[in-house]
Amino acid sequence: MKALLEYALALDGQDAQAIADLFADPCYFSDGALRRTGAPDMEARTPGEVARVFTGIFNQYDASVTIKQMLPHAMTYTVTLSGEDYPCVGCATLDPMGLIEEYIIRPL
81 MKALLEYALA LDGQDAQAIA DLFADPCYFS DGALRRTGAP DMEARTPGEV ARVFTGIFNQ
141 YDASVTIKQM LPHAMTYTVT LSGEDYPCVG CATLDPMGLI EEYIIRPL
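Counting in the numbering used here, the sequence shown runs from 81 upward without gaps.
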């Protein structure tokens with residue numbers, strides 16, 4: 081749960097490197113939160129790729145997050161990108177050190 085809370089805080093703070101530092105190497109990140117807009121899923125397989133994904137997002141949008149529910153390996157939350165809300169659910173698999181090995185995000 082700590083990794084997901086730190087993920088949400090880094091997302092809210094628009095800190096791409098802090099997000100990337102939460103991921104194991106290798107990892108699998110799949111963000112389909114914007115599927116309803118017709119946008120393709122964003123995917124990454126290394127922490128460096130995760131950093132690049134979020135750097136691109138933060139360069140394009142003003143981002144914030146509101147956590148709705150936090151569970152040990154999942155959370156529901158709303159991501160706000162430049163004033164537009166996107167409710168989503170994220171499910172994580174963590175390694176023994178607490179780093180994120182896999183994180184899948186889908187729209188609610």
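All C-beta atoms in this analysis are idealised placements derived from N, C-alpha and C, irrespective of residue type, glycine included. Just so you know, these numbers come straight off a predicted model, no measurement behind them.
Between the CA atoms of residue j and residue i - distance to the nearest angstrom
i	j	result
Lys148	Cys168	10 Å
Ile184	Gly93	20 Å
Gln140	Gly170	22 Å
Pro152	Thr146	17 Å
Bounding residues of the beta strand (DSSP E) (the contiguous stretch that carries residue i)
i	result
Thr135	Unbroken run through Thr135 is the alpha helix (DSSP H), 127-140; no beta strand (DSSP E).
Arg186	180-187
Thr117	Thr117 -> no beta strand (DSSP E), and no H or E assigned at all.
Own chain, CB closer than 7 Å to residue i, minus 5 neighbours either side, in chain order
i	result
Gly118	none
Selection from the options that minimises the alpha carbon distance to residue i
i	options	result
Thr126	Ile137, Asp142, Arg116, Cys107	Cys107
Ala143	Met150, Met177, Glu164	Glu164
Ser162	Met155, Phe138, Met177, Met150	Phe138
Residue span of the alpha helix (DSSP H) that contains residue i, given as start and end
i	result
Gln97	96-100
Leu91	82-92
Same chain, Cβ closer than 8 Å to residue i, neighbours up to 5 away in sequence not counted
i	result
Ala113	Val159, Tyr166, Cys168, Ile185, Arg186, Pro187
Close Cβ partners of residue i (< 6 Å) along its chain, the five nearest in sequence each way excluded
i	result
Thr173	Glu181, Glu182
Asp175	Ala104, Glu181
Meets three-Cβ-pair contact criterion under 8 Å: the segment 130-137 and the segment 92-104: Touching, yes.
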